[in-house]
Amino acid sequence: KRAIEALRGSIDVSSTRGVGTRITVRIPLTLAIIESLLVKIGEDSFMLPLSLVNECVELTREDVARSHGRHLANVREHLVPYIPLRERFAIAGDVPDIEQIVITEVDGARIGFVVDHVIGEHQTVIKSLGRAYKQIEGIS
Numbered sequence: 017k018r019a020i021e022a023l024r025g026s027i028d029v030s031s032t033r034g035v036g037t038r039i040t041v042r043i044p045l046t047l048a049i050i051e052s053l054l055v056k057i058g059e060d061s062f063m064l065p066l067s068l069v070n071e072c073v074e075l076t077r078e079d080v081a082r083s084h085g086r087h088l089a090n091v092r093e094h095l096v097p098y099i100p101l102r103e104r105f106a107i108a109g110d111v112p113d114i115e116q117i118v119i120t121e122v123d124g125a126r127i128g129f130v131v132d133h134v135i136g137e138h139q140t141v142i143k144s145l146g147r148a149y150k151q152i153e154g155i156s
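So for the sequence shown, the numbering used here puts the first residue at 17; every next one is plus one.
Pasting the structure below:
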């Protein structure tokens, strides 16, 4: 019983006289379902946790030129740093005239992720990739 509880599981025992005993062992799956935002960069699709997304705003080529390569966007009178994911992941292809910045916030810090297109909200099944992918940069 302790081993099952250590896994955050439970054991239920029910008996019916003359019929038998049923023992149910419940162990949580290693899968989780999260609400996410589906985005595209070129032909590649990415999911961002919706719980971290504040808003999505347009980023034009003029906006990029005004920031002089500093990767800062003026969003509602606040400068928000952003990461161009196409550049970060070395994704080939034409950059659209108007990209989207997905603004996220964690512990009060805002950062944007530049994508080609915001597709919409989805439920996403996630699973730990284990130790084999732990040290690979860009994979979480």
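The C-beta atom is built at its ideal place from N, Cα and C for all residues, glycine as well.
Measuring only the C-alpha atoms, how far is residue i from residue j?
i      : j     : result
Ile107 : Lys56 : 11 Å
Arg104 : Asp28 : 50 Å
Glu125 : Thr32 : The identity of residue 125 in the sequence shown is Ala, whereas the question assumes Glu. Cα to Cα, Ala125 sits roughly 57 Å from Thr32.
Arg18  : Thr40 : 15 Å
Which word fits residue i, buried or exposed, when buried means at least 16 other C-beta atoms lie within 10 angstroms of its C-beta?
i      : result
Ala89  : buried
Ser52  : buried
Gln116 : buried
Tyr149 : exposed
Pro100 : buried
In this structure, what does DSSP give as the bridge partners for residue i?
i     : result
Ser52 : Pro65 and His138
Please say whether residue j and residue i have beta carbons closer to each other than 8 Å?
i      : j      : result
Leu68  : Val122 : yes
Ile119 : Val73  : yes
Ile43  : Val141 : no
Are there three or more Cβ pairs, one per stretch, closer than 8 Å when the stretch 124 to 141 is compared with the stretch 61 to 70? Yes: at least three Cβ pairs fall under 8 Å.
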